[in-house]
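Taken in order, the sequence shown gives residues 6 to 492; the numbers are from my numbering.
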Amino acid sequence: MKLYKKEGNIVQILSFPNETAEKGDYLLIEDADAGKALIAQVIDVQFASIPGVLEELLRSLPDGGEIMQGEDFDPLEIAPHITYIQDASLLVCKIRATIENGENLSPTSAWLPSRSQSTIKKLSIPTLLKLARINGELPIVLGGTKDASLLTIDASSLDGRLNIITGKKETGKSHLSKLLISSLVGYKATVVVFDLNGEYLSLGMTSDGKKNALYDKIHVLTPAQNFKVALKQLNLHVLLEILIHALHLPGTSAREFRRIWQSLKERNMLTLHDLGEAIRNWHCNQHVRDALFSRYYALVNSGFFTDNVAEATLLEECLFRAKEQGGAIIINLRNTSPIDRQIVVEYLLGKLVELLTSWKLKAVFLFAEEAHLYLRETYWDDIVTRMRHFGIFTTFITNQPDTIRENIYRQADNIFLFNFTNEHDLEVVSRAARVDAETVKSIARDLPPHHCLVLGKVVRDFPIVVKVRALDVKTMGETRLFFKDLN
């Protein structure tokens with residue numbers, strides 16, 4: 006390989022047919038005289054533009070375009086050399102770092118290595134990981150890389166971070182999130198999962214239906230069944246958030262509801278029945294009363310609220326158990342209506358903030374599948390700023406990247422990117438602050454299923470392609486097919 010051109014942080018390298026390099030590979034461009042080396046990643050492979058190649062290709066084909074049968078007469082043996090030149094490729098590479106003194110990494114690309122004296126060789130992933138010091142005391146094995154080595158990240162690089170897992174349908178997003186959840190629970194972390202399709206319900210079971218090591222740490226809560234809340238346990242501001250944001254209660258009606266609530270609380274009469282009677286007998290405008298009644302019946306019909314305090318203790322029990330020994334609380338939203346889903350999410354986020362601010366919980370890892378279906382607009386900023394400081398560290402999982410706002414991508418610490426072929430989707434993801442657009446658009450388009458481009462702090466800003474390892478967990482949430490069992 007020979008160094009051909011450098012423009013900004015892009016280098017172009019000539020590669021010959023006997024040298025193989027693919028998208029995603031890392032190269033080391035070493036200048037011994039300067040005592041430095043560049044680490045560059047291949048983001049595109051092209052044919053080298055050589056004068057006369059097009060003319061030579063056209064000349065090699067006779068009229069009609071079919072190759073003539075027979076033997077070539079080449080006494081000077083020029084043909085192999087011409088073929089060698091024709092097959093030369095140009096590697097377009099992105100400079101990721103500079104190595105000084107053989108071990109010190111810096112993100113600079115300001116110096117120029119020698120064209121004639123530099124040596125270029127492939128940099129193996131284990132060597133790159135060692136140079137970048139990607140190892141960690143809390144290892145999570147994501148899977149295998151192209152050179153048959155394992156990519157291991159540190160669980161602490163997810164701590165306090167905002168993460169995004171995105172890609173087309175059926176590329177392996179949920180599989181990766183299950184792997185991360187299982188690993189975090191194994192390190193005694195508290196994890197909360199908003200499960201839209203019932204994909205995480207069997208995290209405690211092996212693929213053949215037996216209990217695994219996490220069985221006692223996976224707590225599945227289904228709203229209106231084993232997950233309910235009593236009015237006496239609710240803070241007024243949490244209930245107002247539900248009424249205003251999930252049920253769209255107007256401001257005038259919300260003020261009247263506040264007065265009704267305070268009146269009932271003073272008399273220790275916070276029950277569903279007493280709340281309904283208080284609304285019925287309250288002196289207010291008829292339109293306000295109708296608005297309050299419609300929201301009251303929405304709360305009652307959700308089945309999520311109860312007057313029996315004994316029925317409403319499971320959430321805190323599971324969270325405190327997870328605090329002691331680690332655990333995942335799976336909020337099963339599969340059969341929950343859109344409005345009830347928003348009610349549950351509003352309550353749960355409010356409850357988590359309450360427990361975290363009082364230091365009853367240390368921190369929570371929140372995994373949110375297709376969050377745009379249940380998170381209100383104002384919560385996006387809350388989750389990445391205010392709630393982050395309280396100790397809620399979110400991972401968004403989606404196959405529609407444009408449903409996540411641009412400022413979320415700009416603040417994302419880690420992105421796990423699966424295959425996308427749509428130009429618009431790639432354009433959205435490329436706005437992330439921790440990655441360049443060329444890498445995303447070039448490498449992500451060619452990723453096979455279950456292969457993921459890892460970006461961000463987990464890999465010290467060295468984008469690495471990994472095949473996500475298999476997980477012995479019972480598969481749930483599969484698409485029901487009509488023709489599956491027909492022969």
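Cβ atoms here follow ideal geometry from the backbone N, Cα and C, with glycine treated the same way.
Values in this document were obtained by computation on a predicted structure and should not be read as measured data.
request  = Use the C-beta contact count for residue 291: other C-beta atoms within 10 angstroms, 16 or more gives buried, fewer gives exposed.
outcome  = exposed
request  = Check whether the stretch 393 to 413 touches the stretch 430 to 438, counting contact only when three or more Cβ pairs, one atom from each stretch, lie closer than 8 angstroms.
outcome  = yes
message = If distances are taken between C-alpha atoms only, which option among 442, 8 and 302 comes closest to residue 32?
response = 8
task = Could you check the C-alpha separation between residue 374 and residue 278 for me, to the nearest Å?
result = 35 angstroms
inquiry  = If you follow the alpha helix (DSSP H) that residue 278 is in, where does it begin and where does it stop?
reply    = 277 to 286
query = In its own chain, which residues sit with a C-beta less than 8 angstroms from the C-beta of residue 5, not counting the 5 before and 5 after it?
reply = Any question about residue 5 goes unanswered here, given that the chain covers just 6 to 492.
ask   = Looking at the structure shown, is residue 42 part of a helix, part of a strand, or coil, going by DSSP?
value = Residue 42: strand per DSSP, three-state reduction.
key: Cβ-based burial, residue 150 [other Cβ within 10 Å; buried from 16]   = buried
inquiry  = If I measure Cβ to Cβ from residue 281 and keep anything under 7 angstroms in the same chain, skipping five residues before and after, which residues do I get?
reply    = Within the same chain, residue 281 has close Cβ partners 301.
message = Here's the rule: buried if 16 or more other CB atoms are within 10 angstroms of the residue's CB, otherwise exposed. What is residue 314?
response = exposed
ask   = Who does residue 124 pair with in a DSSP beta bridge?
value = 35
inquiry  = What would DSSP say about residue 212, mapped onto helix, strand or coil?
reply    = coil
query = Measuring CB to CB, does residue 372 end up less than 8 angstroms from residue 186?
reply = In this structure, residue 186 lies closer than 8 angstroms to residue 372 by Cβ.
key: Limits of the unbroken alpha helix (DSSP H) element including residue 135   = Run containing residue 135: 130 to 136, per the alpha helix (DSSP H) assignment.
message = Pop quiz: residue 28 and residue 447 are said to be a contact at Cβ under 8 angstroms. What is the actual Cβ separation, rounded to whole angstroms?
response = Approximately 6 angstroms separates the beta-carbon atoms of residue 28 and residue 447; this is inside 8 angstroms, confirming the contact.
request  = Consult DSSP for residue 306 and reduce its assignment to one of helix, strand or coil.
outcome  = helix
ask   = Skipping 5 residues on each side, what residues in its chain have a beta carbon closer than 7 angstroms to that of residue 298?
value = 284
query = Bridge partners of residue 457, per DSSP?
reply = The bridge partners DSSP lists for residue 457 are 471.
message = Measuring alpha carbon to alpha carbon, tell me which residue in 182, 304, 141 and 192 is nearest residue 335.
response = 182
ask   = Which term fits residue 30, buried or exposed, when burial requires 16 or more other beta carbons within 10 angstroms of its beta carbon?
value = buried
inquiry  = Assuming the contact rule is C-beta atoms closer than 8 angstroms, residue 331 and residue 190 should be a hit. Round their C-beta distance to whole Å, please.
reply    = 5 angstroms
Residue 109 versus 395, 41, 309 and 380, residue with shortest Cα-Cα distance = Selected option, being the one with the closest Cα: 41.
key: Check whether residue 231 and residue 304 have beta carbons under 8 angstroms apart   = no
inquiry  = Below 8 angstroms, how does it come out for the stretch 465 to 474 and the stretch 194 to 206: are there three or more Cβ pairs, yes or no?
reply    = no
inquiry  = By the three-class DSSP mapping on this structure, what secondary structure does residue 228 have?
reply    = strand
key: Residues that DSSP places opposite residue 51 in a beta bridge   = 95
Own chain, CB closer than 7 angstroms to residue 166, minus 5 neighbours either side, in chain order = 398, 418, 419 and 462
inquiry  = Pull the bridge partners of residue 17 from the DSSP assignment, please.
reply    = Under DSSP, residue 17 forms a beta bridge with 10 and 97.
query = Taking all protein chains shown into account, do 16 or more other C-beta atoms lie within 10 angstroms of the C-beta of residue 55, making it buried, or fewer, making it exposed?
reply = Per the 10 Å Cβ criterion, exposed.
First and last residue of the uninterrupted beta strand (DSSP E) at residue 427 = Where residue 427 is concerned, there is no enclosing beta strand (DSSP E), given that its DSSP letter is neither H nor E.
message = DSSP three-state label for residue 398, please.
response = strand
request  = Determine the DSSP secondary structure at residue 407, reduced to helix, strand or coil.
outcome  = helix
ask   = How would you write the range of the beta strand (DSSP E) that residue 421 sits in, first residue to last?
value = 419 to 422
task = Compute the Euclidean distance between the alpha carbons of residue 269 and residue 325, then round it to the nearest angstrom.
result = 30 angstroms
key: Backbone secondary structure at residue 298 - three-state DSSP   = For residue 298, the secondary structure class from DSSP, reduced to helix, strand or coil, is helix.
Residue 116 versus residue 456 - alpha carbon distance = Cα to Cα, residue 116 sits roughly 34 angstroms from residue 456.
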